[in-house]
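Structure, as structure tokens:
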Amino acid sequence: MTRLYTNIMGVFALKKGRVIEKNLFPENPMEIADRITVLEKSFCREEEELIHRLYETGNIVLGVRNPKRFRELDTGDMENLRFVKEQDPVDDMVIVAQIGFKRKKFMSLLSQVNLEITRRRVREVEKDQLIIQAVNSIDELEESANKLSKRLREFYSYCFPEMDYLVKSDETYVSLVEGGLGNLDEVHPDMAKGIRESRKETLGVDFSKGDYLAVKALARSILKLNETKSDIESYIGDSMKEMSPNLNELAGPLLGARLISLAGSLKRLAKMPASTVQVLGAEDAFFRFLKTGKKPPKHGIIFTLPEIRGASMKTRGKISRKFAAKLAIAAKADYFGSDFIGDQLRDDFLKKIKDL
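Under our numbering, the first residue of the sequence shown is numbered 935, with each subsequent residue one higher.
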């Protein structure tokens, strides 16, 4: 049986410890690191090429350390090709000698590749933890803005109580108060008309100049919180494109970031089954199901996806399952360094839910 073995130099076919065929990597630490990262769960291009060459010469059974890595290999016309688990150790120095590679050069290359992989892992851990902090910051900013908006309504209602029910949007309310109602042309004409008419006959008390300054200062602080929240959302968008492009494309930056936050890290999210991803954020409902035996939750935070939120009650569960399955693939692709497949996953998801 032929053994397929991969190290930092490339991919080798071994028989009885002898190299019978090879497909070498470029001697570039960064490119080698790309391939080694992929090998954690999948296969690289050089392996696929060598497998085809070996099959053409009659090698239909290949010994590999982890057969599961090759589950998604397109066998095509390679009928009867099989991978068998083979864990006998291989001495890299023997291969180095057989292919005429300098030992010193190999050790130097090994050190550079390991350093590059370590850098990437550290960078990745730092980045997803920063994204989690950003998500938490958004939540806290939103909570603070909501509380202060409620306080602003109570404060300003002493002066103009009618505006509380005329303007339902907190964002619009805050903006109008900060502008001293001098920016009514920025809102809907009917709303502006109602505010002007109510202001003439308001039951509120007269505010002093100091009262107005205080209420405007509160409104400005809320606007600043919302501006900061918007800046952090932009930061999350840029960070997700860099660190998790597939998840970003499939779910959008904010939902993707929230999934990473709920999981605890991109690594944890990548290792979760689709069924767990589906209910992330619905822990309370899930524990209630375990305790009472009532219906389990159909979805967690992914409910914020328009395609799920806007679906009928009958199809929400099915759509949630299909979306969670795609999310699990996207997270794995981002963590294990696969090619960009986010657009393909998104298109496939949209096609599947059309049939529901």
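No residue lacks a Cβ here, since even glycine has one placed at the ideal position from N, Cα and C.
Computed from a predicted model, the values in this text were never measured in an experiment.
To the nearest angstrom, how far is the alpha carbon of residue i from that of residue j?
i	j	result
residue 1140	residue 1093	6 Å
residue 1044	residue 953	20 Å
residue 1026	residue 1020	16 Å
residue 1010	residue 1184	29 Å
residue 1103	residue 1002	54 Å
residue 1091	residue 1215	36 Å
residue 1194	residue 990	44 Å
residue 1037	residue 1263	39 Å
residue 1256	residue 1286	8 Å
residue 1175	residue 1133	48 Å
residue 1205	residue 960	30 Å
residue 982	residue 969	12 Å
residue 1164	residue 1042	46 Å
residue 1006	residue 1277	19 Å
residue 1056	residue 966	18 Å
residue 1168	residue 999	43 Å
residue 1238	residue 951	56 Å
residue 1243	residue 1084	27 Å
residue 1034	residue 992	27 Å
Within a Cβ cutoff of 7 Å, which residues of the same chain sit near residue i, ignoring the five residues on either side of it in sequence?
i	result
residue 958	943, 944
residue 946	939, 953, 956, 1029
residue 1201	1269
residue 1267	1180, 1275
residue 1015	989, 994, 1009
residue 1290	1249, 1252, 1253
residue 1066	1194, 1195
residue 1280	1183, 1184
Using alpha carbons as the reference points, say which of the options lies closest to residue i.
i	options	result
residue 1062	1281, 1216, 1192, 1286	1192
residue 1017	994, 1008, 1024	994
residue 1147	1111, 1129, 1179, 1119	1111
residue 1070	1126, 1189, 1265, 936	1189
residue 1138	1176, 1174, 1005, 1098	1098
residue 1203	1239, 1260, 1243	1260
residue 1129	1143, 965, 1107	1107
residue 1173	1083, 1096, 963, 1064	1064
residue 974	984, 986, 941, 985	941
residue 997	1031, 978, 1023	1023
residue 1143	1169, 1114, 1242, 1006	1114
residue 949	1012, 1155, 1032, 1000	1032
residue 986	977, 1000, 1012	1012
residue 1052	1000, 963, 1124	963
residue 978	1282, 1272, 1288, 1284	1272
residue 1081	1049, 1155, 1095, 1125	1155
residue 1305	1237, 1004, 951	Nothing about residue 1305 can be reported from this structure: the residues present for the chain run from 935 to 1290 only.
residue 1235	1186, 1229, 1282, 1283	1186
residue 1096	1105, 1243, 1127	1127
residue 1240	1124, 1284, 1198	1284
residue 1050	971, 984, 1121	971
residue 1265	1197, 1131, 1135	1197
Consult DSSP for residue i and reduce its assignment to one of helix, strand or coil.
i	result
residue 1136	coil
residue 1039	helix
residue 1014	coil
residue 893	This structure cannot settle anything about residue 893, because the visible part of the chain is limited to 935 through 1290.
residue 1180	helix
residue 955	strand
residue 949	strand
residue 1121	coil
residue 995	strand
residue 1271	coil
residue 941	strand
residue 1229	coil
residue 1256	helix
residue 1248	helix
residue 1102	coil
residue 1175	helix
residue 975	coil
Among residues of its own chain, excluding the 5 on either side of residue i, which ones have a beta-carbon nearer than 8 Å to its beta-carbon?
i	result
residue 1251	1232, 1233
residue 1149	1086, 1089, 1090, 1093, 1111, 1141
residue 1177	1058, 1061, 1062, 1065, 1200, 1268
residue 1117	1109, 1110
residue 1282	1260
residue 1046	963
If you drop the 5 nearest sequence neighbours on each side, which residues of the same chain put their C-beta closer than 6 Å to that of residue i?
i	result
residue 1258	1208, 1211, 1212
residue 888	Absent from the model: residue 888. The displayed extent of the chain is 935 to 1290, so no value can be given.
residue 1246	none
residue 935	995, 997
residue 1040	1030
residue 1101	1107
Three-pair Cβ contact test at 8 Å for the segment 1071 to 1078 versus the segment 1160 to 1175
As far as the Cβ criterion goes, the segment 1071 to 1078 touches the segment 1160 to 1175, which means the pair count is three or higher.
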